[in-house]
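K.L.:
Could you have a look at this structure, given as structure tokens, before my questions?
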Amino acid sequence: MKNNKSFLMSFLLISLCGDVLLLNAQTKIAKNSASSSINLKKVYVHDGKLSRKIILHFSKKPVVTYAPESIHEKERDENGLLKMTFFMPLVTVHDEANKEALESLSGMHSKDYGLSFSQVTKPMQGIKCLVAFNPDKEGFEYKTFQSITGDEGVMLQFYHQDILRKISESNNIRMQASVTLKKSTSSVLKKK
């Protein structure tokens, strides 16, 4: 019984500390940027053979925070998809074309990945982005960047794991063939 109480107290303390840290970070963001919000300027989607990129351009550098939905953030849902939630505080969307683009992306779902964007006001104003993907079939990463034009941006990218595996296997075969060829060439040269 004593172990259960200490475990419960530890769990509650860790949960409370996490909430306090998140609230503290959001308060700092709000104080530092209280004078103006960050405007979503443009949304681009690039579909390639290896990946799909969603590129967002902003008026200022956005803060992207990973906000786990639960203590078991690595758990998969009933479809086997891993869910990740990102929050971009103080981001606003004024342009109708960008609002429509985000709505269109929010409808983008397949059996291996999905994406949704929503404007929220709590815990503070911003954009919430929910990413769901099957890590056995799709890879995912996000990056912040500065474009050539000086815009600050965020890139969300889904990788097709099966295609990348085939490329990797092909490169390994080429490397093995190259090593074998070098060995046979060097042994011929040594005999002379």
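Residue numbers (my numbering): 1485 to 1676.
For every residue, glycine included, the Cβ atom is placed at its ideal position computed from N, Cα and C.
Here the structure is a predicted model, which means the values were calculated and not measured.
For residue 1578, tell me which candidate among 1603, 1644, 1532 has the shortest Cα-Cα distance.
P.N.:
As a working note, residue 1578 is residue 94 in the sequence shown. Ranking 1603, 1644, 1532 by Cα distance to residue 1578 puts 1603 first.
K.L.:
Rounded to whole angstroms, what's the CA-CA distance from residue 1645 to residue 1533? Just pull it up for me.
P.N.:
Locating residue 1645 in the sequence shown gives position 161, counting from the first residue. Locating residue 1533 in the sequence shown gives position 49, counting from the first residue. For residue 1645 and residue 1533, the distance between alpha carbons rounds to 11 Å.
K.L.:
Leaving aside the five residues before and after residue 1582 along the sequence, list all residues of the same chain whose C-beta is less than 6 Å from its C-beta, in chain order.
P.N.:
Sequence index remark: in the sequence shown, residue 1582 carries index 98 (1-based). Same-chain partners within the cutoff: 1524, 1527.
K.L.:
Confirm, please, whether the CB-CB distance from residue 1599 to residue 1590 is below 8 Å.
P.N.:
The sequence position of residue 1590 within the sequence shown is 106, counting from 1. The sequence position of residue 1599 within the sequence shown is 115, counting from 1. It is a contact, given that the beta carbons lie within the stated cut-off.
K.L.:
Sorted by chain position, which residues of the same chain lie with C-beta nearer than 8 Å to residue 1425's C-beta, five sequence neighbours on each side aside?
P.N.:
Lying outside 1485 to 1676, the shown extent of the chain, residue 1425 is not represented and no answer is given.
K.L.:
Looking only at its chain, what residues have a beta carbon closer than 7 Å to the beta carbon of residue 1610, apart from the 5 residues adjacent to it on each side?
P.N.:
As a working note, residue 1610 is residue 126 in the sequence shown. Same-chain partners within the cutoff: 1571, 1572, 1573, 1574, 1575, 1604.
K.L.:
Just how far apart, CA to CA, sit residue 1560 and residue 1620?
P.N.:
Counting from one through the sequence shown, the residue named residue 1560 turns up at place 76. Counting from one through the sequence shown, the residue named residue 1620 turns up at place 136. Distance between the alpha carbons of residue 1560 and residue 1620 is about 12 Å.
K.L.:
Quick check on the DSSP output: the beta strand (DSSP E) that includes residue 1636 runs from which residue to which?
P.N.:
Walking along the sequence shown from the start, residue 1636 turns up at place 152. Counting along the chain, the beta strand (DSSP E) containing residue 1636 begins and ends at 1636–1644.
K.L.:
Exposed or buried, what is residue 1529 when buried is set at 16 or more other beta-carbons lying within 10 Å of its beta-carbon?
P.N.:
On the sequence shown, position 45 is the one that residue 1529 refers to. Label assigned to residue 1529: exposed.
K.L.:
Please list, in chain order, all residues of the same chain as residue 1596 whose beta carbon is under 6 Å from its beta carbon, the five residues on each side excluded.
P.N.:
Within the sequence shown, numbered from 1, the residue matching residue 1596 stands at position 112. Within the same chain, residue 1596 has close Cβ partners 1618, 1621, 1622.
K.L.:
I'd like to confirm the pairing. Which residues does DSSP put opposite residue 1605 in its beta bridges?
P.N.:
Residue mapping note: residue 1605 aligns to position 121 of the sequence shown, counting from 1. Bridge partners of residue 1605: none, in fact.
K.L.:
Leaving out five residues before and five after residue 1631 in sequence, what residues of the same chain have Cβ atoms less than 6 Å from its Cβ?
P.N.:
Counting from one through the sequence shown, the residue named residue 1631 turns up at place 147. Cβ neighbours of residue 1631 beyond the five flanking positions: 1637.
K.L.:
Could you spell out the range, first to last residue, of the beta strand (DSSP E) harbouring residue 1540?
P.N.:
Residue numbering aside, residue 1540 sits at position 56 when the sequence shown is read from its first letter. Here the beta strand (DSSP E) through residue 1540 covers 1535–1542.
K.L.:
Taking the alpha carbon of residue 1564 as the reference point, which residue from 1584, 1606, 1537, 1616 has its own alpha carbon closest?
P.N.:
As a working mapping, residue 1564 is identified with position 80 in the sequence shown. Nearest C-alpha to residue 1564: 1616.
K.L.:
Let me check one thing: in DSSP terms, what residues is residue 1592 bridge-paired to?
P.N.:
Counting from one through the sequence shown, the residue named residue 1592 turns up at place 108. Beta-bridge pairing links residue 1592 to no other residue.
K.L.:
How would you call residue 1538, buried or exposed, if buried means at least 16 neighbouring beta carbons within 10 angstroms?
P.N.:
One-based indexing of the sequence shown puts residue 1538 at position 54. Its Cβ being crowded by 16 or more others within 10 Å, residue 1538 is buried.
K.L.:
Measuring CA to CA, which of 1535, 1541, 1567, 1536 is closest to residue 1522?
P.N.:
Stepping through the sequence shown from its first residue, residue 1522 is reached at position 38. The shortest C-alpha separation from residue 1522 is found at 1541.
K.L.:
Would DSSP call residue 1650 helix, strand or coil?
P.N.:
Indexing the sequence shown from 1 puts residue 1650 at position 166. If DSSP states are grouped into helix, strand and coil, residue 1650 belongs with the helices.
K.L.:
Work out the CA separation of residue 1535 and residue 1545 for me, nearest whole Å.
P.N.:
Residue numbering aside, residue 1545 sits at position 61 when the sequence shown is read from its first letter. Residue numbering aside, residue 1535 sits at position 51 when the sequence shown is read from its first letter. Using only the alpha carbons, I get a separation of about 25 Å.
K.L.:
Could you give the distance in angstroms between the alpha-carbon of residue 1652 and the alpha-carbon of residue 1613?
P.N.:
Indexing the sequence shown from 1 puts residue 1652 at position 168. Indexing the sequence shown from 1 puts residue 1613 at position 129. Each residue's alpha carbon lies about 31 Å from the other.
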